[in-house]
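Here the structure comes first, spelled out in structure tokens, and everything after it is commentary.
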Amino acid sequence: MPTDKDQPKRIKRTTGDRSGAQRAAVRPHKRETASGSTSQAHASTSASQTHASSSSATSHATASAPASSAASSTSATQRTFDLNAIIAKWASGLTSGSVHQTYAGSALSRKESAARQQFSVPAKDQLFLVLDATIFGTCKAGLALASTGVYLRDTAGKQRAIAWGDLPRCKVAADSQTLVIDGSKIVTLDGSVLASLLVAIQKQIAG
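Printed below as a string of structure tokens:
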């Protein structure tokens, strides 16, 4: 069972606007993009700033970030949503020691290269959060939340990309040691808390 006790992680404070990818790796029937990303096919505007509070020294992810509402879209099939704000609200409700293998904010710099390689995240995608569900920090299992969707490698080593527009149709289940997204199983100590984040994102996208 993967653990990461030797290297407790935290979600640190981040500020400023984030810009995302111009193209999704997976093209859903209904296109959803995280706030701050742009698309060549559709122009949308959004104004949001979030501020994540730094965590305590015990792998506790905390953040607080009031964000402006997602902007209106020029297309009926495209809406924006503020992924930063959703992550910040989720993180603010976590208790000390509730995450062990999850990285966001400035802590992403430790995992960005490995996550992009192992989860096949496009170079132009903005990363918002990484789960490294491995013992040695290799990102050979886990997931990344990026501007165009969820990119993951399950515990069996299978890669998968789920565009934001498809996420509401995916079943998310978890316990304290696993996370299952539409049948893709990731063994992780952060299973339950990350499932709550993904469900919050699903609700926001579904409106």
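In terms of our numbering, the sequence shown is residues 2 to 208. All C-beta atoms in this analysis are idealised placements derived from N, C-alpha and C, irrespective of residue type, glycine included. For clarity, every value in this text was computed on a predicted model and none was experimentally measured.
C-beta atoms of residue i and residue j nearer than 8 Å
i, j, result
"isoleucine 187", "leucine 144", "yes"
"alanine 207", "phenylalanine 129", "no"
"alanine 174", "threonine 156", "no"
"alanine 164", "isoleucine 87", "no"
"lysine 112", "cysteine 140", "yes"
Residues sharing a beta bridge with residue i, DSSP
i, result
"phenylalanine 82", "Ala35"
"aspartate 133", "Gly143"
"valine 173", "Ile182"
"leucine 128", "Ala147"
"valine 122", "Beta-bridge pairing links valine 122 to no other residue."
"alanine 162", "Tyr152"
"isoleucine 202", "The partner list for isoleucine 202 (beta bridge, DSSP) is empty, contrary to what the question assumes."
"threonine 103", "Leu132"
Nearest candidate by alpha-carbon position, reference residue i, set the options
i, options, result
"leucine 180", "Leu199, Ala162 and Ala164", "Leu199"
"serine 110", "Trp91, Thr96 and Leu132", "Leu132"
"arginine 154", "Ile202, Cys171 and Ala116", "Ala116"
"arginine 161", "Asp167, Pro169, Val151 and Gly98", "Val151"
"isoleucine 136", "Cys171, Ala92, Gln102 and Val173", "Gln102"
"arginine 170", "Gln178, Ile182 and Ser114", "Ile182"
"threonine 189", "Ser114, Gln118, Ser93 and Gly138", "Gly138"
"aspartate 191", "Cys140, Gln118, Gly98 and Ala164", "Gly98"
"glutamine 205", "Ala92, Leu168 and Thr149", "Leu168"
Cα-Cα separation between residue i and residue j, rounded to whole angstroms
i, j, result
"serine 193", "valine 100", "9 Å"
"alanine 196", "glutamine 203", "10 Å"
"alanine 89", "leucine 95", "10 Å"
"glycine 106", "phenylalanine 120", "19 Å"
"serine 177", "threonine 81", "31 Å"
"alanine 134", "aspartate 126", "21 Å"
"glycine 158", "leucine 84", "27 Å"
"serine 73", "serine 114", "Note that serine 73 scores 31 on pLDDT, short of 50, meaning its location in the model is unreliable and no value can be drawn from it."
"tyrosine 104", "threonine 149", "18 Å"
"alanine 124", "serine 185", "24 Å"
"alanine 108", "glycine 166", "27 Å"
"tryptophan 91", "valine 122", "23 Å"
"leucine 93", "glutamine 118", "Looking at the sequence shown, residue 93 is not leucine but serine. So the alpha carbons of these two residues sit roughly 29 Å apart."
Closer than 7 Å: residue i CB and nearest the ligand FAD heavy atom
i, result
"alanine 35", "Questions concerning the ligand FAD fall outside what the structure shown contains, since it holds no ligand whatsoever."
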